[in-house]
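Residue numbers (our numbering), protein chains in the order written: chain A, 173 to 493; chain B, 945 to 1200. Input: a single structure, listed below in structure tokens.
Spelled out as structure tokens, the structure:
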């Protein structure tokens, strides 16, 4: 029984790692490729989660939908909705320099959270949306977990290849050039404003997809889940720790940080209740400490940004800067 | 080819360029000299579209381009380099060149997913051209080095290389010789001359190295306090008393 519990726990953790890896890949496009400081990941996550929830739940009283459509439709709609929301935001905010962009996106994510909380006709308000169908959710508990992990993993692998293709392609090269030197990229004929918007929307669509996968896994979504701590900053830590500009780094970072994050929860839960509440902050401290250590001793992350794909084997392939 | 008419750039009260007019003829190498703060680089920024002039107009190839942005001007054949090297530091030297050619199929997200074959064949051509350019600049050995790790002179060469990756008509070079050692400098001069003679590039060249100006440039335009002081061949400009005054009048003593 103990072993079974452990397996279940591992499955649970693996599913979360996949979902977070998707979010980190989305952020890697925005920050790692394009240098856009998006501190409002939670906003796009929420848009994706709620869109898919509304589309795939059975009809409900007192709110729009649900439309009872297939979950795949929901996931695609989640990406489209997140992209659609990102478009005007990017149009307005991408003119700001990085630090201002961060402030603007934090604000926008907060606006999205408040809208979700206070528009019951759309989102069922604070109670959230429940009975979201989970793919293969009719199976027994463990089989269902395994099936969902397979689905999420397949999505992650597909997305990884789609994103990795862009990194080495002229599009990715252009984005990295814009990130490295905006003025020179302009002087070399690149439409920086438009390209940034492209990267912002691309990344946001993946964040929306991540949100949808999260909602379907939990079978419900509430405004509580759109906490900037776990839906924005944790993902930033994953990307920086894993290595921004490196897609494998983003995935590795998601795994490492999530394992520490969730194992530390077990540890603190074992403490007597009077300490357990305070121990919660130890977890935040632990993650913060790890970030400090990485930034001090390995500022490029666990896996630094690679040189152009097929040249990784050259002697300069290991970055010495 | 390029006509500047009464350009003014007013930085809220400080007129860095103040009524500057001159013409650049096709296939010439125009030298732009003048003491520090004469407005040379600001003028470049205006021509290249990095700044919008307060008043005045710029015509390029017979077309009014005064209010075009730099990426639009690039597509018309106007390419610039920067006084301080603006390399893409995390990209390799090769990639620095490969990103330049305009309208590559792989610059579209969808083409990279759906038409990879077309992207790859274009990449193949671009890569070959980039290798040729690196070889021309004698930078082949650092092709896969991050551009940020190159020396100052190599970065300057790389900037010049970027102008060779597209069908440039007018190239603006901002102090190509600054910080470049003598041997490399002679090499750079030779490259500029070849590009001018063989590829038909027109150059405007800001430079403090008078040897280089004398060797390459005709005509020479001398600027001071945001306007053109005198324009002519090197000897005329050098012996003009106004020019001497403009340089020597500067207490900084930076007479070239």
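Idealized CB from N, CA, C, for every residue including glycine.
Query                                                                                                                     : Result
9 Å Cβ cutoff, residue 239(A) in contact with chain B                                                                     : no
Residue 490(A) at chain B interface by Cβ criterion, 9 Å                                                                  : In this prediction, residue 490(A) has a pLDDT of 40, which is less than 50 and means its spatial position is unreliable; nothing more can be read from the coordinates.
Closest by C-alpha distance to residue 355(A), when choosing among 949(B), 1023(B) and 1003(B)                            : 1023(B)
Bridge partners - residue 964(B), DSSP secondary structure assignment                                                     : 951(B)
Interface flag, residue 477(A) vs chain B, CB-CB below 9 Å                                                                : yes
Opening and closing residue of the alpha helix (DSSP H) in which residue 434(A) lies                                      : 419-441
Cβ neighbour criterion (16 or more within 10 Å) applied to residue 1118(B)                                                : buried
Residue 184(A), DSSP secondary structure in three states                                                                  : helix
Euclidean distance between Cα positions of residue 416(A) and residue 390(A)                                              : 29 Å
CB contact below 9 Å: residue 331(A) versus chain B                                                                       : no
Within 7 Å of chain B by C-beta, residues of the segment 344-361 of chain A in sequence order                             : 345, 346, 348, 349, 352, 353, 355, 356, 358, 359, 360 and 361
Min CB distance residue 955(B) to chain A below 9 Å                                                                       : no
Buried/exposed call for residue 326(A), threshold 16 Cβ in 10 Å                                                           : exposed
Proximity of residue 951(B) and residue 972(B) at Cβ, strictly below 9 Å                                                  : no
Residues from the segment 364-381 of chain A in contact with chain B, defined by Cβ distance under 8 Å                    : 364, 370 and 374
Which of helix, strand or coil DSSP assigns to residue 475(A)                                                             : coil
Backbone CA spacing between residue 1185(B) and residue 1120(B) [nearest angstrom]                                        : 27 Å
Of the listed residues 1026(B), 1164(B) and 1041(B), nearest to residue 1073(B) (C-alpha basis)                           : 1041(B)
Residue span of the alpha helix (DSSP H) that contains residue 261(A), given as start and end                             : 243-265
Close Cβ partners of residue 988(B) (< 6 Å) along its chain, the five nearest in sequence each way excluded               : 1116 and 1118
Close beta carbons around residue 976(B), own chain, < 7 Å, minus the five adjacent residues each side                    : 984, 1148, 1149, 1150, 1165 and 1167
Candidates 453(A), 412(A), 308(A) and 440(A), of which the one nearest residue 427(A) by Cα                               : 412(A)
Ranges of the alpha helix (DSSP H) found wholly within the segment 1005-1053 of chain B, counting only runs of at least 4 : 1014-1019 and 1037-1042
As assigned by DSSP and simplified to three states, the class of residue 355(A)                                           : helix
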